[in-house]
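Chemist: Would you mind keeping the following structure in view while I ask a few things?
2 protein chains.
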Amino acid sequence: MRSLVEIIAAKRDGATNSPQDITRFVKGLTEGEVADYQMAAWLMAVYFRGLDDNETTALTHAMLHSGRVLDLSSVPGIKVDKHSTGGVGDKVSIALAPLVAACGVPVPMVSGRGLGHTGGTLDKLEAIPGFRTELPARDFARIVRDVGCCMIGQTAEIAPADKRIYALRDVTATVECIPLIVASILSKKLAEGIDALVLDVKVGRGAFMKDEARARALAQALVSVGTRAGKKVVGLLTDMESPLGAAVGNAIETREALDILAEAAPADVTECTLRLGEEMLVAGGIAAPGREARDKLGAAIANGTAARVAEKMIEAQGGDPRVVGDRSRLAIATEEIVIESKHGGFVARCDALAVGLASVALGAGRSRADQAVDHGVGIRLEKKPGDAVARGEPLARVFVRHRSKAAADVDRVREAFSVQDTPPPPRPLVLDRIVAANST
Amino acid sequence: MRSLVEIIAAKRDGATNSPQDITRFVKGLTEGEVADYQMAAWLMAVYFRGLDDNETTALTHAMLHSGRVLDLSSVPGIKVDKHSTGGVGDKVSIALAPLVAACGVPVPMVSGRGLGHTGGTLDKLEAIPGFRTELPARDFARIVRDVGCCMIGQTAEIAPADKRIYALRDVTATVECIPLIVASILSKKLAEGIDALVLDVKVGRGAFMKDEARARALAQALVSVGTRAGKKVVGLLTDMESPLGAAVGNAIETREALDILAEAAPADVTECTLRLGEEMLVAGGIAAPGREARDKLGAAIANGTAARVAEKMIEAQGGDPRVVGDRSRLAIATEEIVIESKHGGFVARCDALAVGLASVALGAGRSRADQAVDHGVGIRLEKKPGDAVARGEPLARVFVRHRSKAAADVDRVREAFSVQDTPPPPRPLVLDRIVAANST
């Protein structure tokens, strides 16, 4: 048997680690045979040398099986989840899970919290009075079966090796490494007991991956490794140069997510939800791609069944279901600062990163994992790139607790915008669709 | 101030770490601010990206000042030490220190133990009955002043950060990295309170560096960084394809080292000692290079002053000084196995690595740092590369405790030799002399 040092040295020298070696390394970390410093050295060697799809699959499996795989065998049907790599204003999950469930595809969803400039689904859901994101695995399975969808946070039982390794990566400068990102995402998602996964890989200023080539490489690796792990996986590359939709914050984003189910949300966030929903219905085996899938989603919104599933899910998770029909029950901070355009023309740009950082600074996000968030503060964009704007017309509204303390954050939002004389070229929302090599 | 993660990320991305950042990292390790896993990640990044001479100097200083620098201000004269990167049969220090001291240059020497296939000076010295290698710093300074030389082991006070970092490198596959080797060697040597250092960088099968280019790069880095640290440093690249001298073991090597002072040792080990001694006398400012230095060394051997210094040093360190005049007092295992040549011809090769590993397997060395060694077992080479040998003539003698248990080790020594019909081309002992860029 190779020693741990030999396994690290092999990766350091550009060789391939066997699945057995990788499993032993991950198992060893949780069982105490492998020290943190050995894992750190291996992670840095992986940063330089990479992992091939076979090694990444082994790493994913080892991290997945460090904990418990949720048992959803009591839920009939093909279970499909969606994962977004994170962006600003990305509240899609909150509408998408009940929408897809309403069409007949069970959606077991384990989500995360906001960190850095990106928001997190759990923080947005907790803006709903009473909503509980920590549920026992048994309740999770029951709600998915009875309601069609359930949205919870990662428990201590899910992929504990991922938690341990992620914490190490965070303090050893080994976060930005595609195979490690892939294994981290997939180990958690596969622990949900899903059959298929639709990935929303964000690209641009407000995304983790700022450039399209890196985002594409991440999407391809996720699809390839997820497929090797026996799941049906498809990925969309979507634009994250400017925030998605108009709302950035927590309660304000949950309002907008529920607006999607009432046909009252901005076009881009609605379209993003429908494109991802189409992929989920196809993956769930209940609709052909294109027209059939889109019609089913449209009907579930129009006839109110999607909103009904949202109400049932919220109620099942302890929340006040009346927020679905009356979004004003989601409380937003009452101090409102209007940012007016200094020039007439067209909005050329609204920097998602700047808006995301302003939202964090207002209190809607966190810079350390143990911080609490303010669900009420947030930003509403009144104009988006491509929109015409008159001089003095509002570009955005910022909702704060104390007007006097928000000046710097408001300036940040103001500076995120640029206005020019001519309309900018339109940007497509979906840049590409990534499928497994031998799939469609 | 940069965060620790930013310091690691900068090195990871090929940037230069500032001396302040490097100092903070090393200081942080000993003080608890930097975790082992962060140091491990940084070490692996250094393995890939290297350190320039400026960074290596900063690392050396930080490791040096993690502990105590011995105070030899009470010892007059330019204090000079020698360091060998390690080989098989390298017993030079035991003759060299008293020889150079006898010529008037004080030699404060902190040596190591054998690990892996290479022997260690401390293990060989401890073959002398009563000899103590652990002495308080005060006694060390006094003996250097009174006798001219003293040879001890590394104390806990010397460069503790080096000990900690070396232990980490050992388990994270980051040992074979020239700037880390340089900082480790120099931090310990500079802690001796020396003014000048002569390096013996070994090249070949029995050396840490198997190929000349890597050995040369190590020698150049050692000379450059040592010079930047304000010391006079010169390096010799010397051959380590076959063992140095005829003796491999502990007591048997100490016998041969003392033979050097009695003009009774093999030519190669005597010449190696004199070449290094010449460099030390020149560095110590008491002789011009070449004839003058060689004459002084020759006189100190011929008139017995070198042997007298050896006796005084041994006595001052608790050992039996009679071993100098009567080397048979150094006990050697009594079971003797003769390896005879199966063919007549010329010895083409005697693989130092194979002989070194056989010696360890016999019990003369250790594979773990906490193992005890057997001072009596060992090997005497009767023939060396270039020597003519008749069929049935002895190639080597192996001295063991139990004849029946030694068969595999004896075979290893036998297989280290190859005999051919024609004499091999002669190999020079000293391959090159490495000096600082602006020195001679």
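Chains as they are written, first to last, in our numbering: chain A, 591 to 1030; chain B, 591 to 1030. For every residue, glycine included, the Cβ atom is placed at its ideal position computed from N, Cα and C.
1. Closer than 7 Å by C-beta to B:L758: which residues in its own chain qualify, once you throw out the five before and the five after it? Chain order, please.
2. Which residues of chain A have a Cβ atom closer than 9 Å to the Cβ of B:D910, listed in chain order?
3. Please classify A:G720 as buried or exposed, where buried requires at least 16 neighbouring CB atoms within 10 angstroms.
4. Using the DSSP secondary-structure output, state which residues sit across from A:R786 in a beta bridge.
5. Would you kindly work out how many angstroms separate the C-alpha atoms of A:A883 and A:G816, rounded to a whole number?
6. Please state whether DSSP places B:M830 in a helix, a strand or coil.
7. Measure from the alpha carbon of B:R722 to the alpha carbon of each residue in B:M741, B:D736 and B:E869, then state which is nearest.
8. Taking the DSSP output, what are the residues bridged to A:F936?
9. List, from N- to C-terminal side, the beta strand (DSSP E) runs of 3 residues or more that fit wholly inside the segment 905 to 962 of chain B.
10. Give the C-beta separation of A:D785 and A:V670 to the nearest angstrom, bearing in mind that I take them to be a contact with Cβ-Cβ under 8 Å.
11. Looking at the unbroken alpha helix (DSSP H) that takes in B:C862, where does it start and where does it end?
12. Expressed to the nearest angstrom, what Euclidean distance is found between the alpha-carbon atoms of B:Y756 and B:S949?
13. Taking DSSP as the reference, what is the three-state secondary structure of A:P719?
14. Three or more C-beta pairs closer than 8 Å, one from the segment 705 to 714 of chain A and one from the segment 866 to 874 of chain A: is that the case here?
15. Beta carbons nearer than 7 Å to chain A: which residues of the segment 742 to 764 of chain B have them?
16. Exposed or buried, what is A:K932 when buried is set at 16 or more other beta-carbons lying within 10 Å of its beta-carbon?
17. What is the residue span of the alpha helix (DSSP H) that B:V761 lies within?
18. Name the two residues that bound the continuous beta strand (DSSP E) containing A:R735.
19. Do A:L812 and A:G679 count as a contact pair if the criterion is CB distance below 8 Å?
20. Whose Cβ in chain A lies nearer than 7 Å to the Cβ of B:A635?
21. Scan the segment 634 to 688 of chain B and note each continuous alpha helix (DSSP H) run of 4 residues or more that stays entirely inside, going in chain order.
22. Run down chain B in chain order and give the residues with a C-beta less than 7 Å from the C-beta of A:F638.
23. Under a three-way DSSP split, which group does B:M903 fall into?
24. So what does A:T708 bridge to, in DSSP terms?
25. Assuming B:L654 contacts B:F730 under a Cβ cut-off of 8 Å, what Cβ separation, rounded to an integer in Å, is found between them?
26. Please compile the residues from chain A whose C-beta is within a distance smaller than 7 Å of the C-beta of B:I598.
27. Just checking: is the beta-carbon of A:Q628 within a distance shorter than 8 Å of some beta-carbon in chain B?
28. Considering only the alpha carbon of each residue, which of A:E596, A:D999 and A:I842 lies closest to A:A951?
29. Can you pull the chain B residues whose beta carbon is under 8 Å from the beta carbon of A:A631, in chain order?
30. Assuming A:G839 is part of the beta strand (DSSP E), what are its boundary residues?
31. In terms of residue numbering, what span does the alpha helix (DSSP H) encompassing A:L776 cover?
32. Counting only beta-carbon atoms, is A:V616 nearer than 8 Å to chain B?
33. Name, in chain order, the residues that DSSP records as bridge partners for A:V700.
34. Since B:L851 is in the beta strand (DSSP E), which residue starts that stretch and which ends it?
35. So, is B:Q744 buried or exposed, given that buried needs 16 or more other C-beta atoms within 10 angstroms?
36. Counting Cβ pairs closer than 8 Å, one from the segment 679 to 690 of chain B and one from the segment 834 to 852 of chain B, do we hit at least three?
Modeler: To lay it out plainly:
1. Numbered from 1 along the second sequence, position 168 holds the residue referred to as residue 758 of chain B. Excluding residues within five positions, the ones whose Cβ falls inside 7 Å are D626, M629, A630 and L633.
2. Working through the second sequence from its first residue, we reach residue 910 of chain B at position 320. Under the 9 Å cutoff, chain A gives no residues; its nearest Cβ is about 41 Å from B:D910.
3. As a position in the first sequence, residue 720 of chain A is number 130, starting the count at 1. The residue is exposed, with fewer than 16 neighbouring Cβ atoms inside 10 Å.
4. One-based indexing of the first sequence puts residue 786 of chain A at position 196. The sequence shown places Ala at residue 786 of chain A, not Arg. Per DSSP, A:V670 and A:K822.
5. The residue you call residue 883 of chain A lines up with position 293 of the first sequence. The residue you call residue 816 of chain A lines up with position 226 of the first sequence. So the alpha carbons of these two residues sit roughly 23 Å apart.
6. Locating residue 830 of chain B in the second sequence gives position 240, where the first residue counts as 1. Note: B:M830 maps to coil in three-state DSSP.
7. Taking the first residue of the second sequence as position 1, residue 722 of chain B is located at position 132. When only C-alpha atoms are compared, the closest one is B:M741.
8. Residue numbering aside, residue 936 of chain A sits at position 346 when the first sequence is read from its first letter. For A:F936, which the question treats as bridged, DSSP gives the partners A:A978 and A:Q1010.
9. 925 to 930 and 935 to 940
10. Here residue 785 of chain A refers to the residue found at position 195 of the first sequence. Here residue 670 of chain A refers to the residue found at position 80 of the first sequence. Correct: roughly 7 Å between the Cβ atoms.
11. As a position in the second sequence, residue 862 of chain B is number 272, starting the count at 1. First-last of the alpha helix (DSSP H) with B:C862: A857 to A873.
12. Here residue 756 of chain B refers to the residue found at position 166 of the second sequence. Here residue 949 of chain B refers to the residue found at position 359 of the second sequence. Their Cα atoms are separated by approximately 25 Å.
13. Within the first sequence, residue 719 of chain A is the residue found at index 129, counting from 1. Correct three-state label for A:P719: coil.
14. As far as the Cβ criterion goes, the segment 705 to 714 of chain A does not touch the segment 866 to 874 of chain A, which means the pair count is below three.
15. L758, V761, T762, A763 and T764
16. Here the question's residue 932 of chain A lines up with position 342 in the first sequence. A:K932 is classed as exposed because its beta carbon has fewer than 16 other beta carbons within 10 Å across all chains shown.
17. Here residue 761 of chain B refers to the residue found at position 171 of the second sequence. Where B:V761 is concerned, the enclosing alpha helix (DSSP H) stretches over P750 to V761.
18. Here residue 735 of chain A refers to the residue found at position 145 when the first sequence is read from its first residue. Annotation: A:R735 is outside any beta strand (DSSP E); the continuous alpha helix (DSSP H) that includes it extends over A727 to V737.
19. Within the first sequence, residue 679 of chain A is the residue found at index 89, counting from 1. Within the first sequence, residue 812 of chain A is the residue found at index 222, counting from 1. Going by C-beta atoms, A:G679 is not nearer than 8 Å to A:L812.
20. Residue mapping note: residue 635 of chain B aligns to position 45 of the second sequence, counting from 1. In chain order: M634.
21. 643 to 654
22. Here residue 638 of chain A is taken as the residue at index 48 of the first sequence, counted from 1. F638, listed in chain order.
23. As a working mapping, residue 903 of chain B is identified with position 313 in the second sequence. It is helical.
24. For the purposes of this step, residue 708 of chain A is taken as residue 118 along the first sequence, with counting starting at 1. Answer is A:L705, bridged to A:T708.
25. Taking the second sequence and counting its residues from 1, the one referred to as residue 654 of chain B is at position 64. Taking the second sequence and counting its residues from 1, the one referred to as residue 730 of chain B is at position 140. Rounded, the Cβ-Cβ distance is 17 Å, inconsistent with contact.
26. As a first step, residue 598 of chain B must be located in the second sequence, where it is residue number 8. Within chain A, the residues near B:I598 are T762 and A763.
27. In the first sequence, the residue the question calls residue 628 of chain A occupies position 38. So, interface residue.
28. Sequence index remark: in the first sequence, residue 951 of chain A carries index 361 (1-based). The candidate whose alpha carbon is nearest that of A:A951 is A:D999.
29. Here residue 631 of chain A refers to the residue found at position 41 of the first sequence. By Cβ distance, chain B contributes A630, A631, L633, M634, T762, A763 and T764.
30. In the first sequence, the residue the question calls residue 839 of chain A occupies position 249. That run of the beta strand (DSSP E) goes A837 to G839.
31. Numbered from 1 along the first sequence, position 186 holds the residue referred to as residue 776 of chain A. I768 to L780 is the extent of the alpha helix (DSSP H) around A:L776.
32. Reading the first sequence from its first residue, position 26 is the one you call residue 616 of chain A. So no, A:V616 is outside the interface.
33. Sequence index remark: in the first sequence, residue 700 of chain A carries index 110 (1-based). DSSP, once it has assigned bridges, lists A:I742 as partnering A:V700.
34. For the purposes of this step, residue 851 of chain B is identified with residue 261 of the second sequence, where counting begins at 1. Here B:L851 belongs to no beta strand (DSSP E), and DSSP marks it neither H nor E.
35. Indexing the second sequence from 1 puts residue 744 of chain B at position 154. Buried.
36. yes
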